[in-house]
Each structure stands twice: as C-alpha cells, then as structure tokens.
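All remarks here apply to the structure that follows.
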Amino acid sequence: TVGAVARDAQGRLAAATSTGGRTAKMAGRIGDTPVIGAGTWADETVAVSATGHGESFVRGALAHEISARMRLAGQSLADAAEAVVMQELGALAGTGGIIAVDRNGTIVTPFNCEGMYRAWAVDDAPPQVAIYHEE
Amino acid sequence: MSFSIAIHGGAGTILRSEIQPEEEARIRAGLAHALEQGRAVLRAGGAALDAVQAAVMALEDDPCFNAGRGAVFNDAGFVELEAAAMDGATRAAGTVTGLRRVRNPVCAAREVMRRTPHVTLGFEAAERFAEACGLPLEDAAYFHTDKRWAALQQELARIAAGGDASQASEQVKHG
Numbered sequence: 241t242v243g244a245v246a247r248d249a250q251g252r253l254a255a256a257t258s259t260g261g262r263t264a265k266m267a268g269r270i271g272d273t274p275v276i277g278a279g280t281w282a283d284e285t286v287a288v289s290a291t292g293h294g295e296s297f298v299r300g301a302l303a304h305e306i307s308a309r310m311r312l313a314g315q316s317l318a319d320a321a322e323a324v325v326m327q328e329l330g331a332l333a334g335t336g337g338i339i340a341v342d343r344n345g346t347i348v349t350p351f352n353c354e355g356m357y358r359a360w361a362v363d364d365a366p367p368q369v370a371i372y373h374e375e
Numbered sequence: 016m017s018f019s020i021a022i023h024g025g026a027g028t029i030l031r032s033e034i035q036p037e038e039e040a041r042i043r044a045g046l047a048h049a050l051e052q053g054r055a056v057l058r059a060g061g062a063a064l065d066a067v068q069a070a071v072m073a074l075e076d077d078p079c080f081n082a083g084r085g086a087v088f089n090d091a092g093f094v095e096l097e098a099a100a101m102d103g104a105t106r107a108a109g110t111v112t113g114l115r116r117v118r119n120p121v122c123a124a125r126e127v128m129r130r131t132p133h134v135t136l137g138f139e140a141a142e143r144f145a146e147a148c149g150l151p152l153e154d155a156a157y158f159h160t161d162k163r164w165a166a167l168q169q170e171l172a173r174i175a176a177g178g179d180a181s182q183a184s185e186q187v188k189h190g
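So the protein lines, in turn, are chains A and B.
Here this note's numbering = 1-based position in the first sequence + 240.
Here this note's numbering = 1-based position in the second sequence + 15.
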C-alpha cells in the first residue's frame, strides 16, 4: 500500500491511498484503502493514510479514530496517532502504521511492525526518508 | 503559511534481514522521488489534494511498492487495485476497488470524487467509468512483476500445505 497526506499553503488538508491489497487475497476482497475512515481520512483537523492489516483498520475505523480523538478529546496528533497505532491496532490483532498531518502542519508516522517505507518534508527543508524505527 | 507533506510506501512486507542494499537504495530513491512530486505541487501554491495525488501516482508507477504496477496478486492470479482520495476542506471523497486495468487507480478515485455524486465505485463498472474518463489503461503484463508472482506462488503453496490464509508470513502478509 502507498499513500500521501499534505497540508497546503492555504491550510487545506488532503489524503490519498492506493494498494494492491494482500498477496493471495480472496478475489473480490475489499480492504481498508477504499473504506473512508478506515484506511483514508481527511477533514479540517487531520489527514491520515494507513498501511497494514486492512481488516483491522476497517474494524476500528482507525483513520477516523485519530480525528475523533483530536476533535472530541483534545488530544494532540502525536498522542492520538500513538494510541491508535500502538494500542487500538494491536488490540485488533493488526500490524501496520499510518502517516498523518494536522492543521498545524505537524507530521507523524507511527507503525507497530519492523519498518514502514516513509518520507516527509516541510516547506523546502531537506526531505527525510526512512524505513526503520531508529531513523 | 508553510506546507507539509508525508508519504508511505507500505509496512507489512519489510524485514530488515531480507532487504538487499541495492533494493533498499531503489526504495529510498523511489520514496524521495514521490515526495518531490507532491512537494513540487505545494511549492507552486497548489492544493493539498493535487499534491497527494501526484505523490501517489509516482508510487503507483514504481514497481518497488504494492500499488499500481508493483501490486500483489490475488488468489486467482490477477491484480485487484484499490485507491482513495479525500479533501479535508470539503470532505469530498472518492474511492475505487477491484480495478484490473487502470494504470493509476488514485486518478480514478479522484474522478469519482469530481464527476459523480457517489463515494465508491467498484469492479467492472469502475473500470468502465475510468475508461470513459479517458484514464490510461494497461494490460495484465504491465502489472506483472516476478517478485510479486513468486510471492503469490509461495503463499498459495503454504496455504495448500494446510497453512491458515489469515496467518501469512510477514513477507507476504500485506503491503
């Protein structure tokens, strides 16, 4: 699965995700990517794109859950994303991660498996490209 | 106001012990390229929605990643592609599922958002819609990579030997 989230210079947020799904998935299976709120979400608070065990993201509506925690519980993006990926995703027996950006331009990329291919940049600062946790 | 962008190219198939240096270099280059495609849109004053579409298109075009031409195969031996796009300012959203021939599924998702009153289109109807929108289509060979085909054979053999289809190894579990 691949995805992107962005905040533009006008403060607008957007998310997009694309996937081939899971190797040897049953023909006709629909994963979390096209289920709005599961693997992809954007509102005026946060934009989220997910990768990982799709059924877990669907069962937890996890992309939307990050927004809900921020809007309704006043959590920061970092706290909301950490809770969703490290607690809720695991509780659903899922592995994977998310990328997200909030209305302030803050970026987070948490994941609960060995690595996640990811990259990010703010304005014209040098791009960051990473795979493993320590990067 | 500043702009920000982040991308991902998947998570579940990564095992540090199994990624060769040359492959890792290609992956990192692909990520950097996709990030720049999106950042160029933002740098020019473009919309976040256009930026994420540009970044995802670059990732779909790169066989290193599980989307578009690097997509994995289903149990019947063909790709079924899915994509989504969502605009936070308006909550407009478009998604597609079950595509077999559309080169860039994220563009089909964007067209669902732009041209229809619906959120999701799937399978043959979605493909006909994408074709009517003038989106580039490809034959099955475009989406074939030896690495993904080998992963399918490995996983089918594991299941045939009595393995649980829901307990795939990390190498093939998800993209």
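For every residue, glycine included, the Cβ atom is placed at its ideal position computed from N, Cα and C.
Local Cβ density within 10 Å of residue i, reported as buried at 16 or more and exposed below that
i, result
"Thr259 of chain A", "buried"
"Ser32 of chain B", "exposed"
"Asp248 of chain A", "buried"
"Tyr357 of chain A", "buried"
"Gly85 of chain B", "buried"
"Leu317 of chain A", "buried"
"Lys162 of chain B", "exposed"
"Met266 of chain A", "exposed"
"Arg129 of chain B", "exposed"
"Met16 of chain B", "exposed"
"Trp164 of chain B", "exposed"
"Ala175 of chain B", "exposed"
"Gly190 of chain B", "Caution applies to Gly190 of chain B, whose pLDDT of 44 falls short of 50 and renders its modelled position unreliable; the value that the coordinates give is listed next. Buried, since its Cβ has 16 or more Cβ neighbours within 10 Å."
"Asp364 of chain A", "exposed"
Per-residue DSSP class, three states only, for residue i
i, result
"Val127 of chain B", "helix"
"Val71 of chain B", "helix"
"Leu150 of chain B", "coil"
"Leu167 of chain B", "helix"
"Val286 of chain A", "strand"
"Asp76 of chain B", "coil"
"Val187 of chain B", "Bear in mind that the predicted position of Val187 of chain B carries a pLDDT of just 49, short of 50, making it too unreliable to give a figure here."
"Ile20 of chain B", "strand"
"Ile270 of chain A", "coil"
"Ile34 of chain B", "coil"
"Asp248 of chain A", "coil"
"Ala55 of chain B", "helix"
"Gly260 of chain A", "coil"
"Gly25 of chain B", "coil"
"Gly177 of chain B", "coil"
"Gly279 of chain A", "coil"
"Val121 of chain B", "helix"
Under 9 angstroms by beta carbon: chain B residues contacting residue i
i, result
"Gly300 of chain A", "The contacting residues do not exist; Gly300 of chain A stays about 15 angstroms from chain B at best."
Within chain A, partners of residue i - CB distance below 7 angstroms
i, result
"Gln68 of chain B", "Ala256"
"Arg106 of chain B", "Asp283"
"Pro36 of chain B", "Those within 7 angstroms of Pro36 of chain B in chain A number zero; the least Cβ separation is about 12 angstroms."
"Pro120 of chain B", "Ser258"
"Asp102 of chain B", "Ala254, Ala282"
Per-residue contacts from residue i into chain B (C-beta, under 7 angstroms)
i, result
"Gly271 of chain A", "Glu97"
"Phe351 of chain A", "Ala26"
"Ala310 of chain A", "Note on residue identity: the sequence assigns Met, not Ala, to residue 310 of chain A. In chain order: nothing, as chain B lies at least about 12 angstroms away."
"Ile347 of chain A", "Ser19, Ala21"
Proximal chain A residues relative to residue i, where beta-carbon distance stays under 9 angstroms
i, result
"Ala165 of chain B", "The premise fails here: Ala165 of chain B is roughly 10 angstroms from chain A at the closest Cβ pair, so nothing lies under 9 angstroms."
"Met128 of chain B", "Ordered by position in chain A, no residue passes the 9 angstroms Cβ test against Met128 of chain B, which lies about 10 angstroms from the chain."
Beta carbon proximity, residue i to chain D, threshold 8 angstroms
i, result
"Leu152 of chain B", "Among the protein chains of the structure shown, namely A and B, there is no chain D."
Contacts of residue i in chain B (Cβ-Cβ under 8 angstroms)
i, result
"Met326 of chain A", "Near Met326 of chain A there are no residues of chain B at all, since even the closest Cβ is about 14 angstroms away, more than 8 angstroms."
Cross-chain neighbours of residue i in chain A, by beta carbon under 8 angstroms
i, result
"Arg41 of chain B", "By Cβ distance, chain A contributes nothing, its closest Cβ being about 11 angstroms from Arg41 of chain B, past 8 angstroms."
Taking three-plus beta-carbon pairs below 8 angstroms as touching, is the segment 282 to 296 of chain A in contact with the segment 336 to 344 of chain A?
Yes, since at least three Cβ pairs between the segment 282 to 296 of chain A and the segment 336 to 344 of chain A fall closer than 8 angstroms, the two stretches touch.
Under 8 angstroms, with one C-beta from each stretch per pair, do the segment 262 to 273 of chain A and the segment 355 to 372 of chain A reach the 3-pair mark?
No, the segment 262 to 273 of chain A is not in contact with the segment 355 to 372 of chain A.
At 4 residues or longer, what runs of the alpha helix (DSSP H) sit wholly inside the segment 297 to 374 of chain A?
Counting only runs of 4 or more, we get 302 to 313, 317 to 323.
So, does the segment 293 to 303 of chain A touch the segment 32 to 47 of chain B, judging by three or more C-beta pairs under 8 angstroms?
Contact fails: fewer than three Cβ-Cβ distances are below 8 angstroms.
Counting Cβ pairs closer than 8 angstroms, one from the segment 87 to 94 of chain B and one from the segment 57 to 67 of chain B, do we hit at least three?
They do not touch, by the three-pair rule.
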